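The structure appears below as structure tokens.
Residue numbers (my numbering), protein chains in the order written: chain A, 106 to 406; chain B, 648 to 932.
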């Protein structure tokens, strides 16, 4: 049965603390992603049946660690499970902007391709400019100026998928955001800024803080919803969080062989009402939302 | 101590001088003059007054203003045709469409027909997307005016906390991005915000763009904050702002009055964007 807000939490940690107090409910990204996948599977099947369309994603990656090819493989595997086609184009690390643009143009005109996902590029390439070459209808990242501008004016054609994933996680807590205070730590164009506008859309009062904010805790302590995307391991501690807050940790920092978040999970889980783990929180949902954007693009193709 | 006034006219005067001198240099270098096309549909007296103000200001600065006064009943196709002609017109560098448009016209389609290189109001999605992506673009005039007024105070923005009341697409949202780029922390409030007075009291900079007369009271303002009033509402025969000016000026360090605050600056910033569009075009030839 699909989980819906208002039902019992997906999974509580079940740890009784001090005899009475429950630690935060854990927002399990995998479980939510699974539901999203189930829905997508249906939609993909329906698209095939009704219109003979098989959604197809093209992923461009460089042979470089920054490009995270293992994530591309994960996307490929997930796509296959859902009946989505996925083509990975692996280019040498020394690929030039012209070469990527040439490939992008070919993919723009390829009828069978519905979405183009460009993985993080090496610093010699300008991702923002390269994204402008992608046909706005195939821009599943929502980074084309046209889509970003439409988003800013409240027309949600294609919304950056990490931000959408975060909203899905919050939605699953069943909490109404109307009149709540939401604080976003981090102001990136992929995460912080778009998620702040999505929170605003839910009638939350939204603050955005960043590395130049003198005292983060003056903001974070007031947050009913705290979204952290700072890229700094464990900068948010338990004493910086309001009792009962929903805490979404977008950070993925590699420390030694471990992946840790921007939130100090152990101290924050005792104060928050809901918290995402790292890994297993935002990550799994973002791929689902990327594929959701793809299916949307295929529908309108 | 009473707050110092941020007078729109004073700020505008500085910007206008800069525009005039740049235009003169460009004219000396190229022999061309900047051209702005202004489209107004119908006979709304406020719109017509604004347009005539644009004409006066523009011509004073050396921008050629071409006004297109169109009939209330003009069809969508006719209007789009006019915009497309202006898009192709070598002597026109900026296109402005006075809002509101009559209801039978599709605002979205019309705005998206403007050539983004001539979108001096900063309303085309591509222009907004550039603003979002921190690429050089035309900044919407009201948000730009507010940034200019804050600059005018010469107070630091870096690390300050700014509260914006109002989340509109042309003021609240772009302004929040601009303030973030200047390293302020920002909070966007709106009609659904609970405890607005408390949130305002946290702010070093308060921008009121809600459209509710006299909403912001003196006790909402932190000592020495900067207060900018974007609201313009007609109450009886007076134009009033969102800020209770008399109360707030006793607490703030700087405050913008209404009228005489943001208003006079918006047309100037429109001309600034026209200059930018013109300069870009001249760089290409």
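Cβ atoms here follow ideal geometry from the backbone N, Cα and C, with glycine treated the same way. Keep in mind the model is a prediction, meaning the values are calculated, not measured.
- It is roughly 32 Å from the alpha-carbon of residue 202 of chain A to the alpha-carbon of residue 921 of chain B.
- Three or more beta-carbon pairs drawn from the segment 735-745 of chain B and the segment 670-689 of chain B are found closer than 8 Å, and the two stretches are therefore classed as touching.
- Using a CB distance below 9 Å, the part of the segment 772-803 of chain B facing chain A consists of 772, 773, 774, 775, 776, 777, 778, 779, 780, 781, 782 and 784, ordered along the chain.
- Under a criterion of Cβ atoms nearer than 7 Å, no residue of chain B is adjacent to residue 291 of chain A; the nearest Cβ is some 11 Å distant.
- Excluding sequence positions up to five before and after residue 759 of chain B, its CB lies within less than 7 Å of the CB of 771 and 772, all in the same chain and listed in chain order.
- In the structure shown, the three-state DSSP call for residue 286 of chain A is strand.
- Residue A:170 holds the alpha-carbon nearest to the alpha-carbon of residue 196 of chain A among A:343, A:352, A:170 and A:182.
- Residue 308 of chain A reaches chain B at 837, 838, 839 and 840, counting residues in chain order whose Cβ is nearer than 9 Å.
- Scanning B:782, B:867 and B:857 for the CA closest to the CA of residue 825 of chain B turns up B:782.
- For the pair residue 239 of chain A and residue 377 of chain A, the Cα-to-Cα distance works out to about 41 Å.
- CA-to-CA, the gap between residue 710 of chain B and residue 701 of chain B works out to about 10 Å.
- Nearest Cα to residue 400 of chain A within the set A:130, A:225, A:262 and A:193: A:262.
- At a cut-off of 8 Å between beta-carbon atoms, residue 259 of chain A makes contact with chain B.
- Taking a C-beta distance under 8 Å as the contact criterion, residue 687 of chain B and residue 717 of chain B qualify as a contact pair.
- Any Cβ of chain B closer than 8 Å to the Cβ of residue 324 of chain A would place that residue at the interface, and such an atom is present.
- Residue pairing of residue 832 of chain B in beta bridges, as defined by DSSP: B:808.
- The closest CA to that of residue 290 of chain A, considering only A:322, A:347, A:267 and A:306, is found on A:322.
- Secondary structure at residue 147 of chain A: helix, using DSSP grouped into helix, strand and coil.
- In this structure the segment 210-217 of chain A does not touch the segment 649-668 of chain B; the number of beta carbon pairs closer than 8 Å is below three.
- With a beta-carbon spacing of about 7 Å, residue 205 of chain A and residue 230 of chain A fall inside the 8 Å limit used to define contacts.
- Residue contact with chain B for residue 319 of chain A: present (Cβ-Cβ distance below 8 Å to some residue of chain B).
- The beta-carbon distance between residue 722 of chain B and residue 909 of chain B, rounded to whole angstroms, is 35 Å. This is too long to meet the 8 Å contact definition.
- Here residue 266 of chain A is not near residue 780 of chain B, since their CB atoms are 8 Å or more apart.
- With respect to residue 282 of chain A, residue 304 of chain A sits close: the two C-beta atoms are nearer than 8 Å.
- For the options B:750, B:884 and B:767, the alpha carbon positioned closest to that of residue 916 of chain B is the one of B:767.
- Residue 358 of chain A does not reach chain B, its nearest Cβ partner there being about 23 Å away, counting only Cβ pairs nearer than 9 Å.
- Looking at A:191, A:369 and A:373, the one whose alpha-carbon comes closest to that of residue 220 of chain A is A:191.
- With fewer than 16 other CB atoms across the displayed protein chains lying within 10 angstroms of its CB, residue 259 of chain A is exposed.
- Here the alpha carbons of residue 385 of chain A and residue 343 of chain A stand approximately 20 Å from one another.
- The Cβ atoms of residue 832 of chain B and residue 324 of chain A sit closer than 8 Å to each other.
- Using a Cβ-Cβ cut-off of 8 Å, residue 312 of chain A counts as an interface residue toward chain B, since at least one Cβ of chain B sits closer than that to its own.
- At a beta-carbon threshold of 9 Å, none of the residues of chain A lie near residue 668 of chain B; the nearest stands roughly 32 Å away.
- In this structure, residue 179 of chain A keeps its C-beta atom at 8 Å or more from the C-beta atom of residue 146 of chain A.
- Under the Cβ criterion of 8 Å, residue 805 of chain B is counted among the residues facing chain A.
- The beta carbon of residue 252 of chain A sits closer than 6 Å to the beta carbons of 241, 244, 262 and 263 from its chain, once the five residues preceding and following it are set aside; these are given in chain order.
- Between residue 811 of chain B and residue 874 of chain B, the CB-CB gap reaches or exceeds 8 Å.
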